[in-house]
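Protein chains in written order, with our numbering: chain D, 1 to 319; chain V, 320 to 638; chain S, 639 to 957; chain A, 958 to 1276.
Beta carbons: idealized from backbone N, C-alpha and C, even for Gly.
For clarity, every value in this text was computed on a predicted model and none was experimentally measured.
Quick notes on the structure that follows.
There are 4 protein chains.
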Amino acid sequence: MMTISDAGNDLEAARSAFYHRLKDRNMSALWTVLHDLVPRAPRRDQMAASWAYADIRRTLMEAGELITAKEAERRALILENPAWPGESRITPTLYAAIQLVLPGDVAPAHRHTQSALRFVLEGSGAFTAVNGERTFMERGDFVITPNWAWHDHGNDSDVPMIWLDGLDIPLVSFMNVGFSEPGEADRQAVTKPAQDAPARFGSGLLPVDYEASAYSTSPIFNYPYARSRAALEQLRVADVYDACHGIKQKYVHPATGDFAMPTIATFLQLLPRDFDTHPYRSTDSTVFVVVEGRGHSMIGDQRFDWGPMICLCCPPGQR
Amino acid sequence: MMTISDAGNDLEAARSAFYHRLKDRNMSALWTVLHDLVPRAPRRDQMAASWAYADIRRTLMEAGELITAKEAERRALILENPAWPGESRITPTLYAAIQLVLPGDVAPAHRHTQSALRFVLEGSGAFTAVNGERTFMERGDFVITPNWAWHDHGNDSDVPMIWLDGLDIPLVSFMNVGFSEPGEADRQAVTKPAQDAPARFGSGLLPVDYEASAYSTSPIFNYPYARSRAALEQLRVADVYDACHGIKQKYVHPATGDFAMPTIATFLQLLPRDFDTHPYRSTDSTVFVVVEGRGHSMIGDQRFDWGPMICLCCPPGQR
Amino acid sequence: MMTISDAGNDLEAARSAFYHRLKDRNMSALWTVLHDLVPRAPRRDQMAASWAYADIRRTLMEAGELITAKEAERRALILENPAWPGESRITPTLYAAIQLVLPGDVAPAHRHTQSALRFVLEGSGAFTAVNGERTFMERGDFVITPNWAWHDHGNDSDVPMIWLDGLDIPLVSFMNVGFSEPGEADRQAVTKPAQDAPARFGSGLLPVDYEASAYSTSPIFNYPYARSRAALEQLRVADVYDACHGIKQKYVHPATGDFAMPTIATFLQLLPRDFDTHPYRSTDSTVFVVVEGRGHSMIGDQRFDWGPMICLCCPPGQR
Amino acid sequence: MMTISDAGNDLEAARSAFYHRLKDRNMSALWTVLHDLVPRAPRRDQMAASWAYADIRRTLMEAGELITAKEAERRALILENPAWPGESRITPTLYAAIQLVLPGDVAPAHRHTQSALRFVLEGSGAFTAVNGERTFMERGDFVITPNWAWHDHGNDSDVPMIWLDGLDIPLVSFMNVGFSEPGEADRQAVTKPAQDAPARFGSGLLPVDYEASAYSTSPIFNYPYARSRAALEQLRVADVYDACHGIKQKYVHPATGDFAMPTIATFLQLLPRDFDTHPYRSTDSTVFVVVEGRGHSMIGDQRFDWGPMICLCCPPGQR
Ligand SMILES: [Fe+2]
Ligand SMILES: [Fe+2]
Ligand SMILES: [Fe+2]
Ligand SMILES: [Fe+2]
């Protein structure tokens, strides 16, 4: 059985010398950092914040004057959690940005291990191509470019398109498993008719020999707002709402029922008029984008008023 | 080490006496039945057969004169595999029948451990109610009444409705796990708006807290033909076909990607014009219903010509 | 809207004529058989029965004098449910038999789509070979020969070995998917050292790249009684028992946690001394084999006393 | 269509001003950081390193003189990747430390959302208690304390015990989901007999009503070295080795076949004498602990010689 010297000062000095020696051996003493490593509760550094769409739009249009889509590869402005300026993170694991694709723009083909989603804020008729198929995008559409899938965007319409990009960049960076590759041409070859994926995977049917692997991304890469919105409207009529969430549906992989993307959970939520939700909290942090209507959220003691196309990030906390 | 008497006759007599004694002990000798129990290959007793829709329809209308839907509980004519008359089986595990629901008919509410499907052959606007929700049916719709779910049918339209019923009755009978219960009223209470299930489960979204159990039946209980047909038409355009199956999609459970029903695999298949399939064989037996078009199938040496609404059963064999 | 003639006799005659005509068209009227096809509750024809081991053994030894293992292919006596003589079924889906392998016997290699289990009642040191590996068997061992796996048995010990065979023969017959093939030689080649499977799959570890397919059979093909019994003894000490089952553990597939065999659920159960179980019922029927101890079961109103190696079959009912 | 001013300097100035304004709006320009966020390949900053056991042991014994287990809560020295001093990480996602539990020590009960493993390097008979059950530990044993499970350690033997701690601390910190709670007493109540978990879950059997949830930790919390080592020895005899891995088995959850822990993949690996492995690379980084034997590894151009109880961390690279 060990005994520890009572001579406080000597002990402190001995410990201090010991800690120094540890460094040279690529070691450190757990007990000096234990409560940082294994805290009683998560840190509260993350902040809530919102970005008004009018501001976002004006700033984006300035960007449109300053850089071409092709030069930028992707002309996007990153939304940063105010707690972590310069870290390109809106939550611990997520990156969010607003991308502008002007008429005639080409966002050239590339692929990467990061998974990406788009949520369309404005515009009509620009396209995203994935795996040889183009999908034409409308406001509110939720579009996926799965990890390691070739993708490019173009806008052959005559109006700007603006969308929210969501990626798992911080998570992939943390794991240090980021790989990427530029395409050989700006635009990938189109090998499938438009609407092939929704017909093949999104109509209650699946190819007879189709098998999804675990953790795979949905083969449906556009969940159109018109269809999702109609489904929520139907549930609004059914008139049974969750106290905290109102009507909240998750976007799912048609062959697993799991979330549509392995690293980012996505939802479409409808709060009926005059519906007040109960407060709740969660270890998830969330990025909200308002599509229609007006209202406000309480996050802790902060009030956030919102209207169409506002972006709001919410740390683990109260609402 | 045993030795067996060479005296053939004595041995035969001894064996025969032994077999007799076994019976009294609720035993029998494996070696006398081994090759029946563990055959080299499946029996070939099952037969291919087809039922012309004109005949089916005429016979059904006669039935409509002879018995009310309510008296019959379900006014349906069973299609029997010609190999097994009186056994109410079209394949080893499946029951198939053609049901007639006349305007004003009520097929009263009941439930049972057997799973049932309907495939609509004629009519428009009759309904099936499942779990408090009514779905109105059109030609080609695939409708499910899951095991132990209350269901009733009614026809408030002004035309007869005729559909194919498919059930796992032979399988449930074999397992001896059939239970059933009549409803308290002919029609169950309607507690949900029409189109609730497709909005909740069939639009690429699922309720945020929904979890399917293993071997469960799809919560979507009507896969409308209009939507399924449009999906197959889209795949026809894509112009890549399976040599044996043309375009063959399976109806799936939206939260598992598994077959829509646990005991009956269901598909919708499109053979492009002038497409000749390669022969194939399978241990499954199959019931085909033709919705559109004309053609023929070779099953072994037999030729079956088909046109709209013909029903065809195919044993394990060649096509 | 149809109306049905009130003329009772005429109606009966018309219906009768109609039923006759149906037969020629390979049809029948559902309403004449509905309550057989969809009964209110399962049939009660299946019976409980027991086979005393002394009787089984004496009869088997007679069989040993009357036929060689090789001539019989498998020298086994089928236990038949008294409700269904000549049907080689002990429950609706299961076949059970008692097999004798005498010193020097060879039960030649074959394979079949039926899944088989052995539960050893007497003897020590006979072997079963599966997929190139031999396992040597002791009393109480639970041994599996998966569907379509080559298997042969031999007894190079100097005592007879007797085991219970359990197979899914009735189920496979019902599905009509029975295939079998004799081996090229009586004994398959031994390509792996004994105890390879338990080391590879049964020690809390799995090969780094191993993946089980759905509905697969456990790659562990001998669950030795010594080990299973010790586990149950340990749970007996823990002293928390299920009211209906005492201590009941299921044999599992090491890579799925599912039952060890896809078509037959197997368990090892220990009833502590003086433990009285609550009655229960189930839609399963069960075959019990007693390994140690004495007791009795009530099945409905019938009492069955049991001791070592008795075999008991229990229909869906009370205990 | 936008056009970009040719006036290079003006453009640069305009861009620079724009980037400044972005900061005030919690934004930044993607194209200025794109190649850091989405790199062509992972960073190469992580380093390989080894810690000799003699050094580790001497340093630990010094720690034993400087602090009590109770004061330290856990008396452990963290192994830090030389690339990231002060970050308590040996790989991007993992924490590793060497813990000393002296005779009489009490490492008091607590619980936390981090998952922990122990791999015993020296000693015999100290215990870890998890969920009311104590397991007594020997050299080479792999012991798990699942996330949010109460655990405490004690050493009632008369020799020091030293083990490697592996935790997912960096991952949990990154996600910011760390919670912890101290126990009410130093030692949790013992409510189960020793060896209950291996009997209940680790003997090829599972409780009849047991169901594992997804991402759950194995209920077996000690995988004893004696058993695992014997299994690998058996596979060594079988004499079929993987070119890159020799014999490599993963520790698994008995009810899912998945890795024993949801966030840390663990293996036991045997390289037969004189076996040279092929080089391989992986996006995983790995911590190796040598239990028996001597050899060396090439990691990139660096050679690491190893013998018993050396700890070696390997970045994504060549071996
Ligand atoms: Fe991208
Ligand atoms: Fe029914
Ligand atoms: Fe066999
Ligand atoms: Fe801990």
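Do you know how far the Cα of residue j is from the Cα of residue i?
| i | j | result |
| --- | --- | --- |
| R294/D | A54/D | 15 Å |
| L396/V | A898/S | 42 Å |
| A17/D | L1023/A | 11 Å |
| R772/S | D779/S | 14 Å |
| G383/V | V609/V | 24 Å |
| A15/D | H992/A | The amino acid at residue 15/D is misidentified as Ala; the sequence shows Arg. Cα to Cα, R15/D sits roughly 44 Å from H992/A. |
| D620/V | N647/S | 46 Å |
| W306/D | F275/D | 15 Å |
| M958/A | L102/D | Note on M958/A: pLDDT 37, under 50, position unreliable in the model; the coordinate value appears next. Approximately 7 Å, taken between the alpha carbons. |
| T1240/A | T277/D | 44 Å |
| G761/S | P1176/A | 35 Å |
| A1029/A | G178/D | 38 Å |
| A516/V | Y544/V | 16 Å |
| P1219/A | T1213/A | 11 Å |
| S854/S | A513/V | 41 Å |
| L356/V | L490/V | 19 Å |
| E871/S | L1162/A | 13 Å |
| S324/V | L330/V | Caution is warranted here: a pLDDT of 48 is assigned to S324/V, below 50, making its placement in the model unreliable, and the coordinate value is therefore given only provisionally. Distance between the alpha carbons of S324/V and L330/V is about 7 Å. |
| H572/V | H934/S | 46 Å |
| Y19/D | Q1003/A | 23 Å |
| P361/V | V287/D | 59 Å |
| M1018/A | D1215/A | 37 Å |
| W669/S | L341/V | 42 Å |
| I728/S | W722/S | 8 Å |
To the nearest whole angstrom, what separates the beta carbons of residue i and residue j, a pair I think is in contact under 8 Å?
| i | j | result |
| --- | --- | --- |
| A428/V | G502/V | 3 Å |
| A876/S | K1149/A | 6 Å |
| K439/V | A388/V | First, the amino acid is wrong: residue 439/V is Val here, not Lys. With a Cβ gap of about 16 Å, V439/V and A388/V do not count as contacting. |
| A609/S | N769/S | Nothing about residue 609/S can be reported from this structure: the residues present for chain S run from 639 to 957 only. |
| R111/D | H151/D | 7 Å |
| F586/V | S369/V | About 18 Å separates the two Cβ atoms, so there is no contact after all. |
| M799/S | N860/S | The pair is not a contact, with the Cβ atoms about 14 Å apart (cut-off 8 Å). |
| A686/S | P953/S | 6 Å |
| S285/D | P146/D | About 23 Å; that fails the 8 Å criterion. |
| V671/S | S532/V | Incorrect: roughly 32 Å between the Cβ atoms, too far for contact. |
Quick one: list the residues of chain B neighbouring residue i, beta-carbon separation under 8 Å, in chain order.
| i | result |
| --- | --- |
| K830/S | The chain labelled as chain B is not found among the protein chains of the depicted structure, namely D, V, S and A. |
task: Evaluate the contact criterion for the stretch 622-634 of chain V versus the stretch 360-376 of chain V: three or more CB pairs, one atom per stretch, below 8 Å.
output: With the cut-off at 8 Å, the stretch 622-634 of chain V and the stretch 360-376 of chain V touch.
Residues within the stretch 95-120 of chain D neighbouring chain V, beta-carbon criterion of under 9 Å: From the stretch 95-120 of chain D, no residue has a Cβ closer than 9 Å to chain V.
message: Give me the subset of the stretch 842-874 of chain S whose CB atoms are less than 7 Å from a CB atom of chain A, sorted by chain position.
response: Closer than 7 Å at the C-beta level to chain A, one finds these residues of the stretch 842-874 of chain S: G842, L843, L844, P845, V846, A850, I858, Y861, R865, S866, A869, Q872, L873.
Any 3 or more C-beta pairs closer than 8 Å across the stretch 1222-1233 of chain A and the stretch 865-875 of chain S: Verdict: no, contact absent.
- prompt: Taking one C-beta from the stretch 713-731 of chain S and one from the stretch 338-357 of chain V each time, how about it: are there three or more such pairs within less than 8 Å?
  reply: As far as the Cβ criterion goes, the stretch 713-731 of chain S touches the stretch 338-357 of chain V, which means the pair count is three or higher.
- prompt: If you pair each beta-carbon of the stretch 483-494 of chain V with each one of the stretch 557-571 of chain V, do three or more pairs fall below 8 Å?
  reply: When C-beta atoms of the stretch 483-494 of chain V are compared with those of the stretch 557-571 of chain V, fewer than three pairs fall below 8 Å, so the two segments do not count as touching.
message: Check whether the stretch 1124-1136 of chain A and the stretch 1054-1074 of chain A touch, using three or more Cβ-Cβ pairs below 8 Å as the test.
response: Here the stretch 1124-1136 of chain A makes contact with the stretch 1054-1074 of chain A; the two share three or more CB pairs at distances below 8 Å.
Touch test, the stretch 247-260 of chain D against the stretch 519-533 of chain V, Cβ-Cβ under 8 Å, three pairs minimum: Result yes; three or more Cβ-Cβ pairs closer than 8 Å.
message: Against chain A, which members of the stretch 144-174 of chain D pass a CB distance test of less than 9 Å?
response: Here the close residues are D165, L167, I169, P170, L171, V172, S173, F174.
task: Please list the residues of the stretch 654-681 of chain S that have a C-beta atom closer than 8 Å to any C-beta atom in chain V, keeping them in chain order.
output: For the stretch 654-681 of chain S, the beta-carbon criterion of a distance under 8 Å to any beta-carbon of chain V is satisfied by F656, R659, L660, K661, R663, N664, M665, S666, A667, L668, W669, V671, L672, L675, V676, P677, R678, A679, P680, R681.
task: Please name the residues in the stretch 498-510 of chain V whose beta-carbon is closer than 7 Å to at least one beta-carbon of chain D, in chain order.
output: Cβ contacts with chain D: none found.
message: At a CB distance below 7 Å, what residues from the stretch 239-269 of chain D approach chain V? Give them in sequence order.
response: Listed by position along the chain: H245, K248, Q249, K250, Y251, V252, P254, A255, T256, G257, F267, L268.
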